[in-house]
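Participant: As numbered in our numbering, residues -4 to 116 make up the sequence shown, in order.
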Amino acid sequence: MNCLKRQIWIEAEEWLIDSWDCNDCNTDVIVVFRDRSKWIASFFTYQNVETLRHKNIQTGECMNGSYFWSIDMVLIDVISRERIEQLVDHLIEHDNFQSVFNRYPDVDSEEDDHYPAGFFH
């Protein structure tokens, strides 16, 4: 994990502009390193968890909003590329990245065209 060269994909950036609120949102984040390792986590803003809790109270889901969970959940103040990059770099620097993100199968060489030329060693 000591290699800071990484590519970060944020699902929310694929959505229509102005279709989501960076302060009240959740999104999957995939980080790929030069060694082809792929890692995923689901980011939720604190406000989004509260919004989902109120929705669940109304719909009856999650025991009427009495609990909430998500696999690979990371709570964050705001969902933006800048903030997510800061967090990823912080986790790497403090050797916590592998504790927060979940490893997925490595990137196959057939997917190289989805990454900048020369990204993988």
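Ideal Cβ placement from N, Cα and C applies to all residues, glycine included.
Quick test of the definition: if touching needs 3 or more C-beta pairs under 8 Å, does the stretch 9 to 19 touch the stretch 59 to 71?
Facilitator: Flag = no, the stretch 9 to 19 and the stretch 59 to 71 do not touch.
Participant: Using a Cβ-Cβ cutoff of less than 6 Å, which residues in the same chain neighbour Trp4 once the five nearest sequence positions on both sides are dropped?
Facilitator: Closer than 6 Å at the Cβ level, and outside the excluded window around Trp4, lie Ile25.
Participant: In the DSSP assignment, the beta strand (DSSP E) including Ile3 goes from what residue to what residue?
Facilitator: That run of the beta strand (DSSP E) goes Arg1 to Ile5.
Participant: Using DSSP's beta-bridge definition, name the partner residues of Tyr99.
Facilitator: Lys33.
Participant: By how many angstroms is the C-alpha of Tyr110 removed from the C-alpha of Cys(-2)?
Facilitator: Legend: pLDDT at Cys(-2) = 46, less than 50; position of this residue unreliable, no value from coordinates given.
Participant: Could you give the first and the last residue of the continuous beta strand (DSSP E) run that contains Asp23?
Facilitator: Segment Asn21 to Phe28, the beta strand (DSSP E) holding Asp23.
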